[in-house]
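*Asks:* Using the working numbering, read the sequence shown as starting at 24 and increasing by one per residue.
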Amino acid sequence: MARNVLSALPRVRILATGGTIAGAQVKGERGYRAAAFSAETLIAAVPQLGELARLEVEQVAAIGSQDMDESTWRQLAVRTAAALADRTIAGVVITHGTDTMEETAFFLNLVVRSAKPIVLVGAMRPATAISADGPMNLYNAVAVAAHAEARGRGVLVVANDEIHFAREIAKTNTTQVGTFASGHRGLAGLVNAGRSHFYAAPVRRHTRASEFSRAKISALPRVDIVYAHAGMGRELIDAAVKAGACGLVLAGVGDGNLCALALAACAQAAQRGVAIVRSSRTGGGVVERNIEIDDDRHGFIVADELNPQKARVLLMLGLTRSRDPAVLQKLFFAY
Ligand code: GLU
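Here it is, written out as structure tokens:
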């Protein structure tokens, strides 16, 4: 009887990458080390997980997410797809540092072809901290990954009792547990002690409807982000182009704006075939075409609602298909 109940539980695979959720404070030191514990140790610390799902673990990396890179992204995409191709697996949970979680989530949202739940989870406090947030976040993430209603919503992030869409989530605070926010579009839902409540569907294309999930992901072209500011020069833009960037994302001031010097450098880069995407450093709002900058004349692309780091992900993928600004612009209105 007990065995029947157990085998009726959904199967969820955990792909571990490190981060603070697996972090340990080192005695006598002020900070802590990310990725100190294995995924097995984290799971063993939350025995209640066994009531939600039959878990299996794969350690993909053991890094702080500041060291997340394209090759690990590709590996994660492959391992996630492989897990979800198994008909007996209901969903995947990816443990991840919070620093770059939004980029990994958005990347997977664009390249993994599955309707099954893919849930990223992290923690702001190390596993050894007073009132660590990792165990409840992990419990909630597994609950969401095992939930039938999480299907078809694209990649999700669970933290602090909230369920976020990959496209909308951003880390907004250096240390606080409530660091994640989903701006104008809001949450996918809430999850309270493993009880999930879904409220919304994603607004843009993702996973199965994404053209990037239909082919093998090749090596990604170099795309740099340049941060705008008062008194900005053109040197960093020129340096990025010289270093071989195929695309540049400008974290522009206000509505994706640039001073005259930076604008001239970007216009020249665009003429040489470098894709220029105007995003904003403000953390919210839409960057629209041709407001204060003549995007049509310069051949620029606007990021629409994507923040600079997510615009970079989409531009890298887009550049594997086309260097035409008109084609690339369409992607920013579609994803
Ligand atoms: N820098 C670490 C990381 O992103 C710590 C942040 C965290 O995980 O909360 O992995």
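We put the CB at the ideal spot given by N, CA and C, even for glycine.
At which residues does the alpha helix (DSSP H) containing Val-101 begin and terminate?
*Replies:* Residue numbering aside, residue 101 sits at position 78 when the sequence shown is read from its first letter. Where Val-101 is concerned, the enclosing alpha helix (DSSP H) stretches over 93–108.
*Asks:* Got a sec? Which residues, its chain only, sit under 8 Å from Ala-251 by beta carbon, not counting five neighbours each side?
*Replies:* Here residue 251 corresponds to residue number 228 of the sequence shown, with the count starting at 1. Only Leu-273, Ala-274, Gly-275, Val-276, Asn-280, Leu-281, Cys-282, Ala-285, Arg-304 meet the Cβ criterion.
*Asks:* Grab the span of the alpha helix (DSSP H) containing Glu-63 for me, first residue to last.
*Replies:* Against the sequence shown, residue 63 aligns to sequence position 40. Run containing Glu-63: 62–67, per the alpha helix (DSSP H) assignment.
*Asks:* Near Thr-121, what residues of its chain come up, given a Cβ to Cβ distance below 8 Å and the 5 sequence neighbours on each side ignored?
*Replies:* Along the sequence shown, read from residue 1 onward, the residue named residue 121 stands at position 98. Gly-42, Thr-43, Ser-88, Gly-145, Ala-146, Met-147, Ala-182, Lys-194, Thr-202, Phe-203, listed in sequence order.
*Asks:* Do you know whose CA, among Trp-96, Ala-173, Gln-71, lies nearest Val-135's CA?
*Replies:* Numbered from 1 along the sequence shown, position 112 holds the residue referred to as residue 135. Looking at the Cα atoms, Trp-96 is the closest of the given residues.
*Asks:* In the structure shown, what three-state DSSP assignment does Gln-48 receive?
*Replies:* Counting from one through the sequence shown, the residue named residue 48 turns up at place 25. Gln-48 falls in the strand class under three-state DSSP.
*Asks:* Using a Cβ-Cβ cut-off of 7 Å, state whether Ala-266 counts as contacting chain D.
*Replies:* Absent here is chain D; the protein component of the structure consists of one chain.
*Asks:* Below 7 Å between beta carbons: does that hold for Ala-168 and Gly-114?
*Replies:* For the purposes of this step, residue 168 is taken as residue 145 along the sequence shown, with counting starting at 1. For the purposes of this step, residue 114 is taken as residue 91 along the sequence shown, with counting starting at 1. Cβ distance < 7 Å, so Ala-168 and Gly-114 count as in contact.
*Asks:* I'd like the list of long-range same chain contacts for Met-24, defined as Cβ closer than 7 Å, with 5 residues on each side in sequence excluded.
*Replies:* Position 1 of the sequence shown, counted from the first residue, corresponds to residue 24. Only weak support is given to the placement of Met-24: the predicted model assigns it a pLDDT of 43, under 50, and the value that follows is read from those uncertain coordinates. There are no such residues.
*Asks:* State buried or exposed for Ala-45, treating a residue as buried only when at least 16 other CB atoms are found within 10 Å of its CB.
*Replies:* Position 22 of the sequence shown, counted from the start, is the residue given in the question as residue 45. Under this definition Ala-45 is a buried residue.
*Asks:* Which residues bound the alpha helix (DSSP H) around Glu-126?
*Replies:* Mapped onto the sequence shown, residue 126 falls at position 103. 124–134 is the span of the alpha helix (DSSP H), which, as asked, contains Glu-126.
*Asks:* Please find out if some non-hydrogen atom of the ligand GLU comes closer than 6 Å to the beta-carbon of Gly-256.
*Replies:* Along the sequence shown, one-based indexing puts residue 256 at 233. Because no heavy atom of the ligand GLU lies under 6 Å away, the Cβ of Gly-256 does not count as near it: no.
*Asks:* Sort Val-264, Ile-186, Asp-92, Ala-152 by Cα distance to Gln-48 and report the nearest one.
*Replies:* Position 25 of the sequence shown, counted from the start, is the residue given in the question as residue 48. When each option's Cα is compared against that of Gln-48, the closest is Ala-152.
*Asks:* When you compare only the Cα positions, how much space is there between Gly-256 and Val-264?
*Replies:* The count along the sequence shown starts at 1 and reaches residue 256 at position 233. The count along the sequence shown starts at 1 and reaches residue 264 at position 241. Those two C-alpha atoms are separated by around 15 Å.
*Asks:* In the stretch 246–311, which residue ranges form an unbroken alpha helix (DSSP H) of at least 4 residues, counting only runs that do not cross its ends?
*Replies:* Listed in chain order, the complete alpha helix (DSSP H) runs (minimum 4 residues) inside the stretch 246–311 are 258–265, 283–294.
*Asks:* Alpha carbon to alpha carbon, how far is Tyr-358 from Val-69?
*Replies:* Translated into positions along the sequence shown, residue 358 becomes position 335. Translated into positions along the sequence shown, residue 69 becomes position 46. When rounded, the distance between both Cα atoms is 36 Å.
*Asks:* Checking 7 Å against the spacing of the C-beta atoms, do Val-165 and Val-116 come in under that value?
*Replies:* Locating residue 165 in the sequence shown gives position 142, where the first residue counts as 1. Locating residue 116 in the sequence shown gives position 93, where the first residue counts as 1. The answer is yes: Cβ separation under 7 Å.
*Asks:* By the three-class DSSP mapping on this structure, what secondary structure does Arg-36 have?
*Replies:* Taking the sequence shown and counting its residues from 1, the one referred to as residue 36 is at position 13. Correct three-state label for Arg-36: strand.
*Asks:* List in chain order: all unbroken alpha helix (DSSP H) runs of 4+ residues lying wholly within the stretch 131–176.
*Replies:* The stretch 131–176 contains these whole alpha helix (DSSP H) runs: 157–168.
*Asks:* May I ask you to list the residues that DSSP assigns as paired with Arg-320?
*Replies:* To locate residue 320, count along the sequence shown from 1; it is residue 297. DSSP, once it has assigned bridges, lists no residue as partnering Arg-320.
*Asks:* Helix or strand or just coil, what does DSSP make of Thr-118?
*Replies:* Position 95 of the sequence shown, counted from the start, is the residue given in the question as residue 118. It is a strand residue.
*Asks:* Determine the direct distance from the alpha carbon of Ala-67 to that of Ala-326, and round the result to whole angstroms.
*Replies:* On the sequence shown, residue 326 is found 303 positions in, with the first residue counted as 1. On the sequence shown, residue 67 is found 44 positions in, with the first residue counted as 1. Taking the straight line joining both Cα atoms gives about 42 Å.
*Asks:* Give me the Cα-Cα distance between Gly-209 and Val-178, rounded to the nearest whole angstrom.
*Replies:* Along the sequence shown, one-based indexing puts residue 209 at 186. Along the sequence shown, one-based indexing puts residue 178 at 155. The straight-line gap from Cα to Cα measures roughly 15 Å.
*Asks:* Identify the residues that DSSP records as bridge partners of Leu-179: which are they?
*Replies:* Position 156 of the sequence shown holds residue 179. Val-142, Phe-188, per the DSSP bridge assignment.
*Asks:* Enumerated in chain order, which unbroken segments of the beta strand (DSSP E) with a length of 3 residues or greater are wholly contained in the stretch 195–239?
*Replies:* Segments of the beta strand (DSSP E) lying fully in the stretch 195–239: 212–215, 218–221.
*Asks:* Name the two residues that bound the continuous beta strand (DSSP E) containing Ala-31.
*Replies:* Position 8 of the sequence shown, counted from the first residue, corresponds to residue 31. Run containing Ala-31: none; DSSP gives neither H nor E here.
*Asks:* Roughly how many angstroms separate the alpha carbons of Leu-99 and His-119, rounded to a whole number?
*Replies:* Start at 1 with the first residue of the sequence shown, and residue 99 comes out as number 76. Start at 1 with the first residue of the sequence shown, and residue 119 comes out as number 96. In a straight line, the C-alpha of Leu-99 is about 11 Å away from that of His-119.
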